[in-house]
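Below: one structure, written as structure tokens.
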Amino acid sequence: MGSAPNHDHDPNTLERDDTEIATALKWSLIVFVLLAGVGGGIAFRLLRVPPVVVVPPPPPPQPLPPKTRMETPEIRFTDITAESGIKFVHENGAYGDKLLPETMGSGCAFFDYDNDGDQDIVFVNSCRWPWDATADDQGRKHTQPTQAVYQNDGHGHFVEVTKEVGLDVTFYGMGVACGDYDNDGDTDLFFTAVGKNRLFRNDGGKFVEVTDEAGVGGVESQWSTSAGWLDYDNDGDLDLFAANYIEWTKEKDLSQKFTLIGGGRGYGRPQPFRGVFPYLYRNDGGGKFSDISKEAGVQIVNASARESKEPAAKSLGITFADLDADGRLDVVIANDTVQNFLLHNQGDRFEEIGVLASIAFDLQGDARGAMGVDTAWFRNSPAIGIAIGNFSNEMTALYVAKSNDLLFRDEAVANGLGPASRIELKFGVLFVDLDLDCRQDLFSANGHLEIEINKVQSSQHYEQPPHLFWNCGPDSANEFELVPLKNCGPDFLKPNVGRGAAYADIDGDGDLDLLISTSGQAPRLLRNDQKLGHHWVRFQLTGGEKINRDAIGAVVEVQTGKVTQRRQVMPTRSYLSQVELPVTFGLGSAEKIDEVRIRWPDGSTQELKDVSIDTLHKVQQAN
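Under our numbering, the first residue of the sequence shown carries the number 784, and numbering increases by one thereafter.
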């Protein structure tokens, strides 16, 4: 076996080894440098502070186009009270003791009692107190005032027919509700009062009192205010809702030391008096009613006195509306100095949700002196508004829900209504399109409670002018603008002690005229003399066998181009008063109606085609 070669001393081998070692060291150094560079780069990236990247701000948003300020149109009114034949003067019974009921009435209503197609008038009257000694001294007791009915000739001229129709009766009346409760084709009358309420059945133009047999008189010691007819249970006949104010007696009133600054007794406040539950009477047919107030959930107890079950209500104005579009009429109640109510109709009973719906208080969470109330789709959209007239130095409220969710927000300040309405004391409020421009305006009858209020507050007067807020539309600087004297005329803005308010087309010209009832004064009938050339359409509905004949609760929709207007057949609104049953739509410059849809109270719908403008259409519910 051969031996291995020995390279230890071979010079060629040593030279080759040195060369290989040098080469290896060279490559090792290159690798080290590369690794060091890579590692250093990684370390630098990991350990260095990142630079601040300056991102330029986005360009500022383009400013919204400024809202335009609309010019209010000329909507002139003429006071035709005397020339129309109306001689009624309200008697409030005041004789010097200043009892609170004396300054809270009265109501009025437009209704067609004789079925001749035009709107007649009923005025509610109070009377002198039985303990008033001055009545005998002046011979006044022998001429006690009565309620009053005036018949319209179709052209806005009226003749008193009170005695002929059987309403020359005396009681301390407050408000009136008109409705055909027995579905016989005649409009019946329910009067609220200080004391017993009264129901008069219309028998072919003659009124017969049926209070006791119907069971709707209430309690002799009550003080009822606004009332109205509605079919709350959708059974086809009209039920009756009557609001009550406070537990009042002469002795309780006189025991309160209501004095004016500088001496002298003044009219009192409701705060010292206990509230009273409202009445809900179910129509049982055959002229009979049942008081179902308790089981129906309308007796709301004061939250701070639940154990004593003290009533929370001190109610003045009421209206009914299907606020959540579920086919059932809800009840909105304006309460004086306590929270407002929204009675949500759940079919067999009501749930009070005023606080949850945010209509109970003002924006600061305080109750106001609420008087009259109305509702409307005043924006020609699904948004619905609730207007409430409040006491002096309190703004008119305008609670708006954007849809049918029963979530309201008071927008009166934002849309211009609140600040301009603050000073006056508001009673009857009405949504009504007085210039026929497709948008519903807002009217209020105003007047103070205290005759000598100007001695106490220089900004206040017993007689006050009414308010007319023109609806400019939601895109204007102010959604509502107070119409000035030059646009409505001195007849309109003449001060009086306004209370109730109602509207109707008394002369058949298509625009709506106004009636203001007062406390202790003559009423005012204001004829609408606007000359803007706007078109209009009116509908008078008659229900079929399954709904109430007046079609109360039906909703009419009129579409012209992109504008859809809605009106509900609902005479109960304002304060102690009722408006006419026909519904009026202003059409502005539109010369064609695209579609009319009616949703009847039983949920059925009906469409009308080829509807002509500038006329009244009588519509019978289709079978």
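Glycine included, C-beta positions come from ideal geometry on N, C-alpha and C. No experiment lies behind these values; they were computed from the predicted model shown.
Backbone CA spacing between residue i and residue j [nearest angstrom]
i, j, result
"residue 1081", "residue 1107", "18 Å"
"residue 1008", "residue 1291", "31 Å"
"residue 1284", "residue 1379", "29 Å"
"residue 907", "residue 942", "16 Å"
"residue 1189", "residue 1347", "21 Å"
"residue 861", "residue 1139", "43 Å"
"residue 1025", "residue 937", "31 Å"
"residue 1213", "residue 1223", "9 Å"
"residue 1344", "residue 1266", "28 Å"
"residue 1364", "residue 1040", "44 Å"
"residue 1375", "residue 1382", "21 Å"
"residue 1340", "residue 1349", "5 Å"
"residue 1203", "residue 1178", "8 Å"
"residue 1161", "residue 916", "50 Å"
"residue 1152", "residue 1120", "5 Å"
"residue 868", "residue 1132", "45 Å"
"residue 1327", "residue 891", "28 Å"
"residue 1300", "residue 962", "20 Å"
"residue 833", "residue 1194", "The predicted position of residue 833 is uncertain, since its pLDDT is 38 and thus under 50; no value can be drawn from it."
"residue 1200", "residue 1226", "11 Å"
"residue 948", "residue 934", "10 Å"
"residue 1015", "residue 1043", "44 Å"
"residue 1171", "residue 1271", "23 Å"
"residue 1401", "residue 872", "35 Å"
"residue 910", "residue 1122", "31 Å"
"residue 1169", "residue 1198", "14 Å"
"residue 1165", "residue 914", "53 Å"
Coil, strand or helix - residue i by DSSP
i, result
"residue 1327", "coil"
"residue 1063", "strand"
"residue 1090", "coil"
"residue 1357", "strand"
"residue 843", "Here residue 843 scores only 49 on pLDDT, less than 50, and its place in the model is too uncertain to base an answer on."
"residue 1391", "strand"
"residue 1035", "helix"
"residue 1189", "coil"
"residue 1112", "coil"
"residue 945", "helix"
"residue 808", "With a pLDDT of 37 at residue 808, under the threshold of 50, the modelled position of that residue is not reliable, and the figure given next carries that caveat. Residue 808 falls in the helix class under three-state DSSP."
"residue 931", "strand"
"residue 1073", "strand"
"residue 1208", "coil"
"residue 1201", "helix"
"residue 1398", "coil"
"residue 1195", "coil"
"residue 821", "Summary for residue 821: the model assigns pLDDT 40, below 50, so the residue's position carries little reliability; its value from the coordinates is reported in the next sentence. Residue state, collapsed to three classes: helix."
"residue 1378", "strand"
"residue 827", "With a pLDDT of only 35 at residue 827, under the threshold of 50, the placement of this residue in the model should not be trusted, and no figure is reported."
"residue 1340", "strand"
"residue 883", "helix"
"residue 855", "coil"
Assumed close pair residue i, residue j - CB separation to whole angstroms, cut-off 8 Å
i, j, result
"residue 902", "residue 1335", "About 16 Å separates the two Cβ atoms, so there is no contact after all."
"residue 973", "residue 950", "Their Cβ separation, rounded to whole angstroms, is 12 Å, which puts residue 973 and residue 950 out of contact at 8 Å."
"residue 1404", "residue 1330", "7 Å"
"residue 975", "residue 1010", "5 Å"
"residue 953", "residue 926", "Contact doesn't hold; Cβ gap of about 10 Å is too wide."
"residue 966", "residue 1020", "6 Å"
"residue 1297", "residue 1306", "Rounded, the Cβ-Cβ distance is 10 Å, inconsistent with contact."
Spatial neighbours of residue i in its chain, beta-carbon cut-off 8 Å, leaving aside the 5 residues before and after
i, result
"residue 1319", "1219, 1293, 1294, 1367, 1368, 1369, 1370, 1396 and 1397"
"residue 1071", "996, 997 and 998"
"residue 1083", "1060, 1094, 1095, 1096, 1124 and 1135"
"residue 1377", "1342, 1343 and 1344"
"residue 959", "890, 891, 892, 905, 907, 972, 973, 974, 975, 1010, 1359, 1360 and 1361"
"residue 1163", "1221, 1222, 1346, 1347, 1348 and 1349"
7 Å Cβ shell around residue i - same chain, five flanking residues per side excluded
i, result
"residue 1246", "1230, 1278, 1279 and 1280"
"residue 1243", "1175, 1231, 1236 and 1237"
"residue 1386", "1110"
"residue 1029", "1006, 1053, 1056, 1057, 1058, 1059 and 1097"
"residue 940", "867 and 868"
Same chain only: Cβ atoms within 6 Å of residue i, ignoring 5 sequence neighbours per side
i, result
"residue 897", "988"
"residue 1075", "1063 and 1065"
"residue 1358", "1100, 1154, 1155, 1210, 1211 and 1283"
"residue 881", "1048 and 1050"
"residue 1085", "1093 and 1095"
Scan the region 1227–1308 and note each continuous alpha helix (DSSP H) run of 4 residues or more that stays entirely inside, going in chain order.
1236–1239 and 1268–1271
Whole beta strand (DSSP E) elements within the region 1114–1168, 3-residue minimum:
1124–1128, 1133–1135 and 1153–1159
Every unbroken beta strand (DSSP E) within the region 965–1030, with a cutoff of 3 residues, ordered by chain:
971–976, 981–986, 989–992, 1007–1013 and 1022–1027
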